[in-house]
Amino acid sequence: MAAARECARQPLGIPTTRANLRPDMKFRNFLLSLVYLLAVGCATTRPRPDPVGDYRAALVTARTNAPAPFARGSALETGALAQFKALFADLSAPNTRARVREVYAADAFFNDTLKTLHGVDAIEAYLIRSAQATESVTATFEDVAESNGDYYVRWVMNIRFKKFRRGETSRTIGITHLRFNTQGKVVLHQDYWDSAAGLYQHVPVVGGMIRSIQRRL
2 MAAARECARQ
12 PLGIPTTRAN
22 LRPDMKFRNF
32 LLSLVYLLAV
42 GCATTRPRPD
52 PVGDYRAALV
62 TARTNAPAPF
72 ARGSALETGA
82 LAQFKALFAD
92 LSAPNTRARV
102 REVYAADAFF
112 NDTLKTLHGV
122 DAIEAYLIRS
132 AQATESVTAT
142 FEDVAESNGD
152 YYVRWVMNIR
162 FKKFRRGETS
172 RTIGITHLRF
182 NTQGKVVLHQ
192 DYWDSAAGLY
202 QHVPVVGGMI
212 RSIQRRL
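In terms of my numbering, the sequence shown is residues 2 to 218.
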């Protein structure tokens, strides 16, 4: 709370909106202020997240440790992909508990565009929390492509939230980049997904702001 109050006292460095500005100018200045706050926030010593750097480092490690985890068309490949699909086809808490440790390696890297996680313990806890915050999360899988041990899974995800827009389904598309170890467990999971469309647009206030910005693009 003290940090929040200190942040509020810091000047934004953006011209204050004047009463005689046109409504569109006021809206523009509001958006600039919002973007500025989101981009820089309060000055802290905490290092900024580097999801691209984290992903690339994890990819190098995965490729080095298992350059060719299994042969194309092998039973191990088929089983590994089937385990992954079975987990995300029904991302409920019971199904997650039953399957997540069969899918992910102990030291797996995970990024779903919302969170970067390391290790199956953190992944399991996060997926269970996500499941408990929704009525249902299901994915249907439309295609799998492979290139030198990298797998790209194309899917459609349906989410029904508990706390907002109840009764409505958020339907989005995405791709997951996977690397497996020689035991057929995921060591790298990187999603390519529009989290604004899948989540943030459904959050009260935030969703309205996003849609307002989109209308002005």
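Note that CB positions come from ideal geometry on N, CA and C, so glycine has one too.
Our two residues, arginine 172 and proline 70, have alpha carbons roughly 33 Å apart in a direct line.
Inter-residue distance for alanine 107 and leucine 118 is about 12 Å (C-alpha atoms, whole angstroms). Taking the CA atoms as reference points, alanine 76 sits about 39 Å from lysine 163. The alpha-carbon of methionine 158 is positioned some 28 Å away from that of threonine 183. The segment 123-132 makes contact with the segment 86-98; the number of CB pairs closer than 8 Å reaches 3 or more. Beta-bridge pairing by DSSP links valine 157 to Thr141 and Ile174.
Excluding five sequence positions before and after tryptophan 194, the CB atoms of its chain that fall closer than 6 Å to its own CB belong to Thr114 and Gly175, given in chain order. Excluding five sequence positions before and after lysine 186, the CB atoms of its chain that fall closer than 8 Å to its own CB belong to Ala81, Glu103, Val104, Tyr105, Ala106 and Ala109, given in chain order. Straight-line spacing of the CA atoms in arginine 64 and alanine 94 works out to 31 Å. Collapsing the DSSP output to three states places arginine 180 in a strand. Per the coordinates, the alpha-carbon of phenylalanine 181 lies some 10 Å from the alpha-carbon of asparagine 66. In the three-state DSSP reduction, leucine 115 falls in the coil class, being neither helix nor strand.
By alpha-carbon distance to proline 68, the top candidate from Asn149, Arg155 and Lys116 is Asn149. With contacts defined by Cβ atoms closer than 7 Å, isoleucine 124 and valine 138 do not form a contacting pair. Taking C-beta atoms under 8 Å as the contact rule, phenylalanine 111 and histidine 178 fail to qualify, at a distance of about 11 Å. Within its own chain, the residues whose Cβ lies closer than 8 Å to the Cβ of proline 50, once the five positions on either side in sequence are excluded, are Thr117, listed in chain order.
Closest option to threonine 79, judged by alpha-carbon separation, among Thr170, Trp156, Thr62 and Ala146: Ala146. Within the same chain, Ile160, Arg161, Phe162 and Lys163 come within 7 Å of threonine 135 by CB-CB distance, once the 5 residues on both sides are set aside. The C-alpha of valine 154 is placed about 20 Å away from the C-alpha of valine 61.
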